[in-house]
Amino acid sequence: MFLAASLESLQLFAHGDSSLFLSTFGARCTNLTEFSIFTMDSASIPTAFNSFLSHLTRIKSIDVDAMSSRSLGNLSALTTLQMLIVRKNSRNKFELPDQMQFPSLVDLELHSFSFKTIGRMLNSMSTPQLNSIDLDSVSYAKAHYPLINGAITIDTNAETVPINFTPDDTITLHTFQPLLSFANLAHANIQLNAGFQLGDECVARIAEAWPLIETLRLTLPYEAKRAVASSITIAGLQAFAQHCPLLESLGLTLDGTIQPPKFKSTAAVAHQELLRFIDVGISILTSPEDAAEFLSTVFPSLSKIETYWDSYNYIQDEFDSAMAWNLVQSHLRLGIKVRTRERNWGRLHGSSLPPIDDGSD
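Position one of the sequence shown corresponds to residue 1 (the working numbering), numbered consecutively onward.
Okay, here's the thing in structure tokens:
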């Protein structure tokens, strides 16, 4: 007990009610900078937890299994808090505070909150410095598919938690709007079973709003392994080349049935040289050659395309798309090798490679 005041990092694995600990030992940990608590009963967040939070005047990182709205409101006033991870929200009625400040918050992770709740939360936050956001609606537990009566059952350590989806949980440009105010975002990972109803217009808005973005994933969880309709075309990705010079990794479901445009001249085409990885999930693709030509022009360093088909039971169209994306990746890698050879030739010989006679004349 006498060491409590000197503790800077505390991780608890609570079994049952942790109120006694938090009200006695916990309240003396006034120098804590990192705090984690797991297996807290989300049905009855102890009152002592709210009192405990009021003593954390130096806290920088909090990782908890569950969070009540009152606790969330108390946390928002902490001037030192930089990282907040909440594994699931309280099963009690969740009423968000009218205003949440989080003056120093940089990293935010919310799991198993409905996007409607997340949207209200983000709307009430004044956190322009937010750098990383990680949201998903199914936590990290095993999910059972397909959707049954609009619900997904999550199996968490023998505890069954139903998560019901409404139209608000399917992301549209309107519901995505609260996220666009965080102009300093460098990392965004949002995974929802209900999917995304985003098109090229929304992609352009996202790219313009997040010029510092480095990693962006707007996907279904990997466990879903199911095809979803998308209105984002391959051509729509050009917005990231125009507005996001730091983007290195991207995850989006695409509509690859719409062929991207062919460039008459690549001289004036906006291109971005840092993007090396794209996760397309289960995206149908019909013309791999056109896709490869477009992507290699706009993203000349792109060399890795990942899909969710590794252990998927294909139907024919989806099998064809899996092979098509593999072909795109092969074309991209070949293009990088050719350009590297051209640059090396130029350095050695002071001139470009002689043109290749392809027999087209």
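Ideal placement from N, C-alpha and C gives every residue a C-beta, glycine not left out.
Taking C-alpha atoms, which residue in the options lies nearest to residue i?
| i | options | result |
| --- | --- | --- |
| V86 | L75, I284 and T79 | L75 |
| S6 | T24, T33, C244 and L180 | T33 |
| S9 | S61, H55 and F25 | S61 |
| P211 | Q101, L247 and D107 | L247 |
| L192 | R341, L220, L78 and E109 | L220 |
| D134 | L327, L216 and A77 | L216 |
| A229 | Q259, Q197 and Q11 | Q197 |
| L78 | M100, D65, V64 and A291 | M100 |
| S69 | H111, E109, M121 and D63 | M121 |
Would you kindly work out how many angstroms separate the C-alpha atoms of residue i and residue j, rounded to a whole number?
| i | j | result |
| --- | --- | --- |
| A306 | G281 | Here residue 306 turns out to be Glu, not Ala, going by the sequence shown. Taking the straight line joining both Cα atoms gives about 7 Å. |
| I234 | S71 | 43 Å |
| L173 | N131 | 21 Å |
| N184 | L105 | 12 Å |
| N189 | H243 | 19 Å |
| F277 | A207 | 17 Å |
| L274 | V203 | 18 Å |
| F294 | K262 | 7 Å |
| S301 | P288 | 17 Å |
| L252 | L218 | 5 Å |
| R410 | R58 | As shown, the chain starts at 1 and ends at 361. That puts residue 410 outside it, with no answer to give. |
| N31 | H55 | 9 Å |
| T257 | A324 | 12 Å |
| I232 | L250 | 13 Å |
| S124 | S36 | 25 Å |
| M67 | L334 | 50 Å |
| H331 | Q177 | 36 Å |
| P103 | A268 | 42 Å |
| D107 | A209 | 18 Å |
| I336 | D255 | 25 Å |
| C29 | D65 | 20 Å |
| A239 | L84 | 31 Å |
| I118 | R341 | 49 Å |
| D63 | T80 | 15 Å |
| H111 | D279 | 21 Å |
| E109 | Q11 | 18 Å |
| S265 | S296 | 14 Å |
| T166 | N326 | Because the pLDDT at T166 is just 38, under 50, the model does not fix this residue reliably, and the value given afterwards should be weighed accordingly. Roughly 35 Å between the two C-alpha positions. |
Given residue i, which residues of its chain have a CB within under 6 Å of its CB, disregarding the five upstream and five downstream residues?
| i | result |
| --- | --- |
| S321 | I284 and L285 |
| R343 | none |
| F182 | L130 |
| G236 | D200 and V203 |
| L348 | none |
| P146 | Confidence in P146 is poor, its pLDDT being 30 and thus under 50, which makes the residue's placement too unreliable to answer from. |
| L180 | A209 |
Which same chain residues end up closer than 7 Å to residue i when comparing Cβ atoms and leaving out the 5 residues on each side of it in sequence?
| i | result |
| --- | --- |
| A241 | A270, H271, Q272, V298 and F299 |
| K214 | The amino acid occupying residue 214 in the given sequence is Glu; Lys does not appear at that position. Closer than 7 Å at Cβ, skipping near neighbours: A186, H187, L246, L247 and E248. |
| A291 | I234, G256, P260, L285 and V328 |
| S303 | R276, L332, R333 and I336 |
| I148 | Its pLDDT being 26, under 50, I148 is placed unreliably in this model, and the value from its coordinates should be taken loosely. Answer for I148: no residue qualifies. |
For residue i, which of helix, strand or coil comes out of DSSP?
| i | result |
| --- | --- |
| E8 | coil |
| R87 | strand |
| R70 | helix |
| R28 | helix |
| N364 | There is simply no residue 364 to check, as the chain begins at 1 and stops at 361 in what is shown. |
| E208 | helix |
| S132 | strand |
| F13 | strand |
| R217 | strand |
| S303 | coil |
| S54 | coil |
| V64 | strand |
| I282 | coil |
| L110 | strand |
| S321 | helix |
| I59 | coil |
| F35 | strand |
| F102 | coil |
Here's a check: name, in chain order, each residue in its chain whose Cβ is nearer than 8 Å to the Cβ of residue i, leaving out the five neighbours to either side.
| i | result |
| --- | --- |
| Q82 | K60, S61, S104, L105, V106 and D107 |
| R339 | P300 |
When you compare the CB of residue i with every CB in chain C, is at least one pair closer than 8 Å?
| i | result |
| --- | --- |
| S265 | Here chain C cannot be found, since the structure has a single protein chain. |
Report whether the distance from the Cβ of residue i to the nearest heavy atom of the ligand COA is below 7 Å.
| i | result |
| --- | --- |
| S54 | Among the components modelled here there is no ligand, and therefore nothing to report on the ligand COA. |
Quick check on the DSSP output: what are the complete alpha helix (DSSP H) runs of length 4 or more inside the region 222–279, in order along the chain? Unbroken alpha helix (DSSP H) stretches of 4 residues or longer found wholly inside the region 222–279: 238–243, given in chain order.
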